[in-house]
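FYI, full-length UniProt numbering numbers position 134 of the sequence shown as 134, with every residue one higher than the one before it.
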Amino acid sequence: MFYQSEEVEILEEDELSSKARSTLSESDKKQKDKREKKERNIQEYKPDKSQATCMACNCQFNVHYGGKMIVDRQLITTTLKPNREKDEIAAAEATLVYHGVRHGISYLAQQCTTTVIKNLFSSSSIASSLSCGRTKAAAIATDVLAPYFTHHVIQEMKLAFYYSLSFDASNKGNLKTYPFCVQYFSDVGVKKGSNSKL
Numbered sequence: 001m002f003y004q005s006e007e008v009e010i011l012e013e014d015e016l017s018s019k020a021r022s023t024l025s026e027s028d029k030k031q032k033d034k035r036e037k038k039e040r041n042i043q044e045y046k047p048d049k050s051q052a053t054c055m056a057c058n059c060q061f062n063v064h065y066g067g068k069m070i071v072d073r074q075l076i077t078t079t080l081k082p083n084r085e086k087d088e089i090a091a092a093e094a095t096l097v098y099h100g101v102r103h104g105i106s107y108l109a110q111q112c113t114t115t116v117i118k119n120l121f122s123s124s125s126i127a128s129s130l131s132c133g134r135t136k137a138a139a140i141a142t143d144v145l146a147p148y149f150t151h152h153v154i155q156e157m158k159l160a161f162y163y164s165l166s167f168d169a170s171n172k173g174n175l176k177t178y179p180f181c182v183q184y185f186s187d188v189g190v191k192k193g194s195n196s197k198l
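If you want it as structure tokens, here you go:
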């Protein structure tokens, strides 16, 4: 014999089971998302089957002994998170190189300035991590700053009605250079830009 209260309990259990099903499907969705994230960020390293490649930081790590735990740890590591300090160090180095190029300071003097800054601001993690020697300063100037400012000057020249372009080939030591000098009208007045391509 059934009582009314038992029927109510049965209905409540049915309602709970539907809620449990919905939470179960949500947990399945979360697990599926985690799996997809792993598949996107981790790929098999072709030459060695016991290693995997992390697509975010482009490094190989061994999964032979650790397996799933190693993969999970790789996904959580700081290499996947944007490293603000590295960006600030790169910005400081680019600023030093730009200042040196703008004022005609040699790369050797910039290397000395970097050493002085490291000693003066030794408590700063950014200043102590600066490494801007002659070779790196030259690479930043020619491979980063020159293309950026060349593109910037060309975009402004496209908007200008009148401009003048001067160029000449010259020997500088054992290098042959082709400096370009540009003068053009902009919204704020006359601007001058120059670029030297080897």
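All C-beta atoms in this analysis are idealised placements derived from N, C-alpha and C, irrespective of residue type, glycine included.
Quantities reported herein were computed from a predicted structural model and do not represent experimental measurements.
What are the start and end residues of the beta strand (DSSP E) that includes residue 206? The requested residue 206 does not occur in the structure, where the chain is confined to residues 1 to 198.
Return helix, strand or coil for A52, following the three-state DSSP convention. Looking at A52 - three-state DSSP - the assignment turns out to be strand.
Would you check if the distance between the CB atom of E85 and the CB atom of S125 is smaller than 9 Å? Yes, the pair counts as a contact, with Cβ atoms nearer than the cut-off.
Buried/exposed call for T135, threshold 16 Cβ in 10 Å: By the neighbour-count rule (16 or more Cβ atoms within 10 Å), T135 is not buried but exposed.
Where do the N-terminal and C-terminal ends of the beta strand (DSSP E) with L165 fall, by residue? In this chain, the beta strand (DSSP E) harbouring L165 covers 163-167.
Only counting the same chain, and skipping five residues up and downstream in sequence, which positions put a Cβ closer than 7 Å to that of K118? Correct list, in chain order: A127, S128, L130.
Output the distance between the C-alpha atoms of D105 and Y184, rounded to the nearest integer angstrom. First, the residue type needs correcting, since residue 105 is Ile and not Asp in the sequence shown. Going by C-alpha positions, I105 is about 26 Å away from Y184.
Exposure label - L108; buried when at least 16 CB within 10 Å: By the Cβ neighbour-count rule, L108 is exposed, with fewer than 16 other Cβ atoms within 10 Å of its own.
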